[in-house]
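First comes the structure, then the notes that go with it.
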Amino acid sequence: MLPQSEAATSDTTGGEAQRLTRLIARDFRNHADLDLSLSGRFVALVGENGVGKTNILEAISLFAPGRGLRRAEFSAMARTGGPGGFAVSVTLACDGAEHRLGTGCEPPGFDRRTVRLCRIDGAPAPSPVAFSEFLRVVWLTPDLDGLFRGPAGDRRRFLDRLVLAVDASHGARVSAMERALRSRNRLLEERPNDGQWLDAIEREAAELGVAVALARRETAERLDRLIAQGRDDAQPFPWAALRLEGDLDDLVAVWPAIEAEDRFRLALARGRHRDRAAGRTLIGPQTTDLVVRHGPKDVPAATASTGEQKALLIGLVLAHVRLVRTMSGISPLILLDEVAAHLDPRRRAGLFEALDALPGQVFLTGADPAAFEGLGDSAEIVRIG
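Heads up: the sequence shown begins at 185 in our numbering, then just goes up one per residue.
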């Protein structure tokens, strides 16, 4: 539960959560011509493996900044055997009004480039960031099951997704930072004595790097505080304790932004020979790790059992839903791919109870409709395939 002070200010959209009432997909993945009318707050997509349930969740996830829940190239999303492009559109209802959002791409042109198109109520939109004015999206997929034991890069991408749900411009900052570091690495390899150009690139990399680190830190700290305020050791999903680990994260935790930029820029300049030998930049936001502990047991998440890690991840995502609502004023759409089927009865019931306490629309997938019986009459069962 949100503290009353936060709950009172968490929804600035008039009280009614956004709902998708229609989803259309043309030539997207395995769906040549999909048209779903939706009415429920809980939508369970049911069907055999391979019929395209996850593809529907991916289509919805394209209305968040980035490349969707699979992080796939747009050219890979077009239906095999189709014309080469695809289109996805949704009708969004909120406070008695409707909006039509669309995205997709045309078949590649002569230069083989795939260009993403976005539209809002029939008018062109500059990028998917514009969709954030109308909706936010949070998701959990089986690919994240190994998050706590996997490489730091996986947790860093997960962290950036947490940030992106509350700060739609974060993705552009991360991309610009990565481009600046690639340019620096290339310059160190090809023209290591060109101090003037290196100074300029390192100044840009320092500004972008500190901006990225600060955005990550703000989201992680807000999420950690929200979890701490509502933690309960008796809940089926254990609470998580979060912190960021990295040289630049240590800098921004101590110094104001301008001072942190200067110190990071100086560290880059001093590390040129080392980074040139390594072929990459060894310090900076690209080395950040999201460190998670199992709160009730006070142990690293990576040492918990597989079931405990799954429950910890679900609890973390549910807390993130509350944070998105608090920070954006929008109750996000929640996409849960094959989550309920892999929980024991107690935790499955706990999941449905936790979701019922949240105002956002929830999409779930599963092969067996019996997995959703705990939702009762509130679930809209949509059979796919």
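Ideal Cβ placement from N, Cα and C applies to all residues, glycine included.
Exercise. Considering only the beta carbon of each residue, do D433 and A397 sit closer than 7 Å?
Worked result: Against a cut-off of 7 Å, the Cβ pair of A397 and D433 comes out as a contact.
Exercise. Can you tell which of W381, L348, G288 and K237 has its C-alpha closest to the C-alpha of G250?
Worked result: Ranking W381, L348, G288 and K237 by Cα distance to G250 puts L348 first.
For this session: Could you name the residues of the same chain whose beta carbon sits closer than 8 Å to that of L276, not counting the 5 residues immediately before and after it, in chain order?
Result: Excluding sequence neighbours, L276 sits near Q202, R203, L204, T205, E282, H283, R284, L285, F318 and L319.
Problem set entry | Proximity below 7 Å, CB of D459 to CB of E429 | In this structure, E429 does not lie closer than 7 Å to D459 by Cβ.
Exercise. Roughly how many whole angstroms lie between the Cα atoms of L186 and P292?
Worked result: Because L186 carries a pLDDT of 28, less than 50, the predicted location of this residue cannot be relied on, and the following value inherits that uncertainty. If you take the alpha carbons of L186 and P292, they lie about 47 Å apart.
Problem set entry | Beta-carbon gap between F226 and V546 smaller than 7 Å | Against a cut-off of 7 Å, the Cβ pair of V546 and F226 comes out as a contact.
Problem set entry | As assigned by DSSP and simplified to three states, the class of W323 | It is a strand residue.
Exercise. Are T490 and E522 close, meaning C-beta to C-beta below 7 Å?
Worked result: No, the Cβ-Cβ distance between T490 and E522 is not below 7 Å.
Exercise. Three or more C-beta pairs closer than 8 Å, one from the stretch 448–467 and one from the stretch 361–375: is that the case here?
Worked result: With a cut-off of 8 Å, the stretch 361–375 and the stretch 448–467 count as touching, because enough Cβ pairs lie within range.
Problem set entry | Segments of 3+ residues assigned as beta strand (DSSP E) that fall wholly inside the stretch 339–407 | Here no run is fully enclosed.
Exercise. Taking the C-alpha atoms as reference points, what is the distance between T270 and L324?
Worked result: Checking the sequence, you will find Phe at residue 270 rather than Thr. The alpha-carbon atoms of F270 and L324 are separated by roughly 24 Å.
Exercise. Out of H504, E564, G266 and A228, which has the shortest C-alpha to C-alpha gap to A404?
Worked result: Here the closest residue by C-alpha is H504.
Exercise. To which residues of the same chain is E388 closer than 6 Å at the C-beta, ignoring the five residues directly before and after it?
Worked result: Within the same chain, E388 has close Cβ partners A364.
Exercise. Can you check whether the CB of P469 is closer than 7 Å to the CB of G393?
Worked result: Against a cut-off of 7 Å, the Cβ pair of P469 and G393 comes out as a contact.
Exercise. Quick one: complete alpha helix (DSSP H) runs, 4+ long, within the stretch 199–248?
Worked result: Scanning the stretch 199–248 from its first residue to its last, the whole alpha helix (DSSP H) runs of 4-plus residues come out as 237–245.
Exercise. Looking at C-beta atoms only, is the number of pairs between the stretch 301–317 and the stretch 224–240 that lie closer than 8 Å three or more?
Worked result: No, they do not touch.
Problem set entry | Rounded straight-line distance, which links the Cα of D482 to that of F448 | Near 33 Å, if we compare the C-alpha coordinates of D482 and F448.
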